[in-house]
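So in my numbering, the last one in the sequence shown is 562, and the numbering has no gaps at all.
Encoded as structure tokens, the structure appears first; notes follow it.
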Amino acid sequence: MSNTEAKSKPKSTPTSLQGRTSIGRQVTSKAKEKVGELEDAPPTNESGTVVGPLGSSHSNHAPQQISAQVIENWREVIYRIFEYCSENSKVDIVICSPQILSTIAFLIQVGEPEVMHGLIKGFMHDKKELPVTSPETLRHTKDQITDATYEFLSKWQSEIQNSVRPDTFFYARRCIVHNQFCKSYTYHTYTGFDSFEVELKIVKEDDIVDWIKQVLKVTIPGNPFRLWSGLEPGESDMAALRKPDDVIDTTNANQKCPILLWASSYKFSLPANIVENDTVYFDPTITAISDVTQKPLPILHMRFKTQPQNPMRFWPGDSSTEGVLDIPLVNKRLNMFIIFGPLSFLKEQIRRIPDNFANFTNGFQEHNERFLAYVPMWKQNEKAINIAKPIMNLFESNGVFSVGGFGDLGPADAEPSCQKGNRKTPNIQHFDGVSLMNPPDTKNTSRIPSSHKESAVVVTTPYIWLIWDAQKAMPIYACSINYPLLDGDVGGQRNETEKTKRKRCTVM
55 MSNTEAKSKP
65 KSTPTSLQGR
75 TSIGRQVTSK
85 AKEKVGELED
95 APPTNESGTV
105 VGPLGSSHSN
115 HAPQQISAQV
125 IENWREVIYR
135 IFEYCSENSK
145 VDIVICSPQI
155 LSTIAFLIQV
165 GEPEVMHGLI
175 KGFMHDKKEL
185 PVTSPETLRH
195 TKDQITDATY
205 EFLSKWQSEI
215 QNSVRPDTFF
225 YARRCIVHNQ
235 FCKSYTYHTY
245 TGFDSFEVEL
255 KIVKEDDIVD
265 WIKQVLKVTI
275 PGNPFRLWSG
285 LEPGESDMAA
295 LRKPDDVIDT
305 TNANQKCPIL
315 LWASSYKFSL
325 PANIVENDTV
335 YFDPTITAIS
345 DVTQKPLPIL
355 HMRFKTQPQN
365 PMRFWPGDSS
375 TEGVLDIPLV
385 NKRLNMFIIF
395 GPLSFLKEQI
405 RRIPDNFANF
415 TNGFQEHNER
425 FLAYVPMWKQ
435 NEKAINIAKP
445 IMNLFESNGV
455 FSVGGFGDLG
465 PADAEPSCQK
475 GNRKTPNIQH
485 FDGVSLMNPP
495 DTKNTSRIPS
505 SHKESAVVVT
515 TPYIWLIWDA
525 QKAMPIYACS
535 INYPLLDGDV
545 GGQRNETEKT
555 KRKRCTVM
């Protein structure tokens with residue numbers, strides 16, 4: 055076991071979104087070239103240039119550039135995964151684009167090319183057929199994709215880390231293995247761990263909680279990830295032994311497959327005095343059903359107020375309950391877009407952000423300016439998302455979630471799962487959180503002035519908000535807020551205190 059951990063060389067310090075040094079990458083590339091001498095040469099054209107899958111040509115050992123078409127396809131992949139998770143969830147959804155892209159690229163890197171064929175197609179081409187004619191060509195295509203994706207993510211992550219200040223942006227990636235089913239790994243798999251900065255760890259639940267706190271700088275009540283199935287609550291070892299063989303075999307097959315745990319956190323800041331910090335607002339007519347009381351409670355709103363020299367920008371929809379709001383951030387490279395309205399409106403507008411952003415910056419009209427907005431507050435994320443299920447359902451990836459689908463990551467009889475249940479657990483899980491630095495104090499509440507309902511943007515429906523990178527034309531984070539913070543949620547603590555006081559004064 056110590057041998058496995060020693061080989062993986064896990065990082066001992068928190069990992070922030072910083073690109074690794076070029077020296078480290080050169081060492082890895084040279085090692086790959088040495089191993090590559092034993093392989094067949096990649097496909098080339100008449101001039102000896104490698105013909106790659108990423109929309110451009112490149113020399114034999116130079117990383118291939120990512121084309122605008124591939125960026126557009128990646129954006130669509132992210133949106134499809136985001137929409138699938140949002141539509142099939144009873145909680146708010148937060149996803150991080152670099153984490154999504156690195157997950158898929160890592161799977162492609164460590165898996166068998168034939169098994170990953172559908173995933174490669176959806177990730178890079180979204181076409182009916184890949185331009186491959188042999189297993190060797192497919193393997194070279196796979197290597198080109200993972201190398202180019204690594205280069206793109208490494209540069210992007212470094213740019214984000216350097217540009218988001220005073221914001222904070224952290225991420226971490228782990229591949230955890232069951233303590234009863236450890237194995238050795240090939241060189242090719244270790245290069246995948248290294249390239250995508252994935253720690254290899256033997257599972258310890260307490261260690262996962264500490265890892266989240268240390269790396270992401272957030273405090274959560276418990277382990278946000280779902281681990282492998284084992285004993286049922288209150289079940290003895292002897293009772294477990296009396297289970298049918300097929301139940302035990304299914305559980306063991308899933309336990310043999312590692313779980314990929316990806317985690318990230320982002321804290322963003324707004325220009326001074328834009329958000330009101332000492333009060334949150336509500337309207338008695340804008341309510342949602344409380345999970346606790348099962349009764350409608352007022353939704354708590356943050357109030358944003360801007361000045362004419364740095365206004366919010368707004369595109370109204372066909373009704374007052376839909377629109378796209380752009381709130382300025384401290385970092386001028388980034389934008390925060392709030393999209394609210396019915397589901398069909400959300401799906402349409404999220405894909406129009408690149409065009410909308412160009413119109414905002416180049417042909418901005420005065421009537422689009424807004425100086426006052428009320429946006430529902432969101433809760434802290436406490437649970438990981440099952441990313442395996444959308445990958446399974448949105449790509450041709452049945453082979454990935456069958457026996458041996460994770461390739462060298464597990465033994466030959468290991469079975470990855472995209473479902474959660476008593477016998478299995480999802481083998482790809484993401485935990486992402488986004489929060490505002492210095493959020494409003496929820497102890498003080500006030501009604502939204504009736505005069506503001508006409509002049510201000512008041513978000514009254516579920517909404518999407520994006521942290522948008524204009525230079526990459528990609529969202530860094532996409533968040534779906536369907537269950538906003540209610541007065542009873544934060545008032546719960548306040549109400550409990552009031553109840554305690556009343557009990558002390560009650561005459562028995």
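We treat Cβ as the ideally placed atom computed from N, Cα and C, and that holds for glycine.
Given the structure is predicted, the values throughout are model-derived calculations rather than measurements.
If I follow the unbroken alpha helix (DSSP H) through Phe160, where does it start and stop?
Here residue 160 is taken as the residue at index 106 of the sequence shown, counted from 1. Segment 151–164, the alpha helix (DSSP H) holding Phe160.
So for Ala466, helix, strand or coil by DSSP?
Residue 466 sits at position 412 when you count from the first residue of the sequence shown. Ala466 falls in the coil class under three-state DSSP.
List the endpoints of the continuous alpha helix (DSSP H) containing Tyr204.
Against the sequence shown, residue 204 aligns to sequence position 150. Element bounds for Tyr204: 189–217.
Lys359 versus Ile328 - alpha carbon distance:
The residue labelled residue 359 in the question sits at position 305 within the sequence shown. The residue labelled residue 328 in the question sits at position 274 within the sequence shown. Cα to Cα, Lys359 sits roughly 5 angstroms from Ile328.
Verify whether the separation of the beta carbon atoms of Pro338 and Leu540 is less than 8 angstroms.
Mapped onto the sequence shown, residue 338 falls at position 284. Mapped onto the sequence shown, residue 540 falls at position 486. Their beta carbons are not under 8 angstroms apart, which means Pro338 does not touch Leu540 by this criterion.
Output the boundary residues of the alpha helix (DSSP H) element that contains Phe336.
To locate residue 336, count along the sequence shown from 1; it is residue 282. No alpha helix (DSSP H) contains Phe336, which is instead part of the beta strand (DSSP E) from 334–336.
If I measure Cβ to Cβ from Gln483 and keep anything under 8 angstroms in the same chain, skipping five residues before and after, which residues do I get?
For the purposes of this step, residue 483 is taken as the residue at position 429 of the sequence shown. Correct list, in chain order: Phe279, Arg280, Ile313, Leu314, Leu315, Trp316, Ala438, Ile439, Asn440, Ile441, Ala442.
Would you call the segment 381–388 and the segment 217–226 touching, i.e. three or more CB-CB distances under 8 angstroms?
By the Cβ criterion, the segment 381–388 is in contact with the segment 217–226, since at least three pairs of Cβ atoms, one from each stretch, lie closer than 8 angstroms.
Where Thr222 and Leu400 are concerned, what is the direct C-alpha to C-alpha distance, given to the nearest angstrom?
Counted from its first residue, the sequence shown places residue 222 at position 168. Counted from its first residue, the sequence shown places residue 400 at position 346. For Thr222 and Leu400, the distance between alpha carbons rounds to 28 angstroms.
As assigned by DSSP and simplified to three states, the class of Phe279
Position 225 of the sequence shown, counted from the first residue, corresponds to residue 279. Residue state, collapsed to three classes: coil.
Give a yes or no on whether the C-beta atoms belonging to Gly165 and Gly461 are separated by under 8 angstroms.
Translated into the one-based positions of the sequence shown, residue 165 becomes position 111. Translated into the one-based positions of the sequence shown, residue 461 becomes position 407. Yes, the pair counts as a contact, with Cβ atoms nearer than the cut-off.
Mind checking who Leu351 pairs with in its DSSP beta bridge?
Here the question's residue 351 lines up with position 297 in the sequence shown. Answer is Ala342, bridged to Leu351.
Where the beta strand (DSSP E) containing Ala317 begins and where it ends:
Walking along the sequence shown from the start, residue 317 turns up at place 263. Residues 313–322.
Take Met356 and list the residues in its own chain whose beta-carbon comes closer than 6 angstroms to its own, dropping the five residues that flank it on each side.
Numbered from its first residue, the sequence shown carries residue 356 at position 302. So the qualifying residues of the chain are Val329, Val429, Met431, Pro494.
Output the distance between the C-alpha atoms of Tyr239 and Asp345, rounded to the nearest integer angstrom.
Locating residue 239 in the sequence shown gives position 185, counting from the first residue. Locating residue 345 in the sequence shown gives position 291, counting from the first residue. Roughly 46 angstroms separates the two Cα atoms.
Which same chain residues, not among the five before or five after Asn233, have their C-beta less than 6 angstroms away from its C-beta?
Looking up residue 233 in the sequence shown gives position 179. Around Asn233: Ile256.
If you run the structure through DSSP and keep just helix, strand and coil, what is Ser140?
If you number the sequence shown from 1, residue 140 lands on position 86. The answer is helix: DSSP assigns Ser140 an H, G or I state.
Assuming Leu448 contacts Arg228 (C-beta within less than 8 angstroms), just tell me the rounded distance between them.
For the purposes of this step, residue 448 is taken as residue 394 along the sequence shown, with counting starting at 1. For the purposes of this step, residue 228 is taken as residue 174 along the sequence shown, with counting starting at 1. Wrong, their Cβ atoms sit about 24 angstroms apart, outside the cutoff.
Please report how far the alpha carbon of Ser212 lies from the alpha carbon of Phe177, in whole angstroms.
Walking along the sequence shown from the start, residue 212 turns up at place 158. Walking along the sequence shown from the start, residue 177 turns up at place 123. Distance between the alpha carbons of Ser212 and Phe177: 23 angstroms.
Integer-rounded CB distance, given that Ser319 should sit under 8 angstroms from Val272:
Within the sequence shown, numbered from 1, the residue matching residue 272 stands at position 218. Within the sequence shown, numbered from 1, the residue matching residue 319 stands at position 265. With a Cβ gap of about 5 angstroms, Val272 and Ser319 count as contacting.
According to DSSP, is Lys497 part of a helix, a strand, or is it coil?
Against the sequence shown, residue 497 aligns to sequence position 443. Here Lys497 sits in coil by DSSP.
When burial is assigned at 16 or more other CB atoms within 10 Å of the CB, is Glu564 buried or exposed?
This structure gives no information on residue 564, because the portion of the chain shown stretches from 55 to 562.
Close Cβ partners of Phe160 (< 7 angstroms) along its chain, the five nearest in sequence each way excluded
Residue 160 sits at position 106 when you count from the first residue of the sequence shown. Excluding residues within five positions, the ones whose Cβ falls inside 7 angstroms are Gly246, Phe250, Val252.
Sequence-distant residues of its chain with Cβ nearer than 6 angstroms to Tyr537 (five each side left out)
By one-based count along the sequence shown, residue 537 stands at place 483. Contacts found: Asp146.
To the nearest angstrom, report how far apart Ala527 and Glu126 are at their CA atoms.
As a position in the sequence shown, residue 527 is number 473, starting the count at 1. As a position in the sequence shown, residue 126 is number 72, starting the count at 1. In a straight line, the C-alpha of Ala527 is about 9 angstroms away from that of Glu126.
Cβ of Pro365 within 7 angstroms of any heavy atom in the ligand HEM?
Among the components of this structure there are no ligands whatsoever, and the ligand HEM is therefore not found.
Roughly how many angstroms lie between the CA atoms of Pro470 and Asn308, to the nearest whole one?
Residue mapping note: residue 470 aligns to position 416 of the sequence shown, counting from 1. Residue mapping note: residue 308 aligns to position 254 of the sequence shown, counting from 1. Rounded to whole angstroms, Pro470 to Asn308 spans 6 angstroms at the Cα level.
Quick check: what's the CA-CA separation for Ser489 versus Pro516?
Locating residue 489 in the sequence shown gives position 435, counting from the first residue. Locating residue 516 in the sequence shown gives position 462, counting from the first residue. Counting only the Cα atoms, Pro516 lies some 18 angstroms from Ser489.
Gln361 classed as buried or exposed, judged by whether at least 16 other C-beta atoms fall within 10 angstroms
Numbered from its first residue, the sequence shown carries residue 361 at position 307. With fewer than 16 Cβ atoms within 10 Å of its Cβ, Gln361 is classed as exposed.
Could you check which residue in Ser398, Gly453, Gln363, Gln403 has the C-alpha nearest to that of Leu379?
Residue numbering aside, residue 379 sits at position 325 when the sequence shown is read from its first letter. Per the Cα distances, Gln403.
Simplified DSSP state of Asp221, which is helix, strand or coil:
The residue you call residue 221 lines up with position 167 of the sequence shown. It is coil, neither helix nor strand.
DSSP three-state call for Leu285: helix, strand or coil?
In the sequence shown, residue 285 corresponds to position 231, counting from 1. Only weak support exists for where Leu285 lies, its pLDDT of 38 falling under 50; the value from the coordinates is given anyway. It is coil, neither helix nor strand.
So is Asn364 buried or exposed if we call it buried at 16+ other beta carbons inside 10 Å?
Stepping through the sequence shown from its first residue, residue 364 is reached at position 310. Label assigned to Asn364: exposed.
Collapsed DSSP secondary structure at Glu450 in the structure displayed
Within the sequence shown, residue 450 is the residue found at index 396, counting from 1. Coil.
Going by DSSP in three states, Arg405 sits in which element: helix, strand or coil?
Position 351 of the sequence shown, counted from the start, is the residue given in the question as residue 405. Correct three-state label for Arg405: coil.
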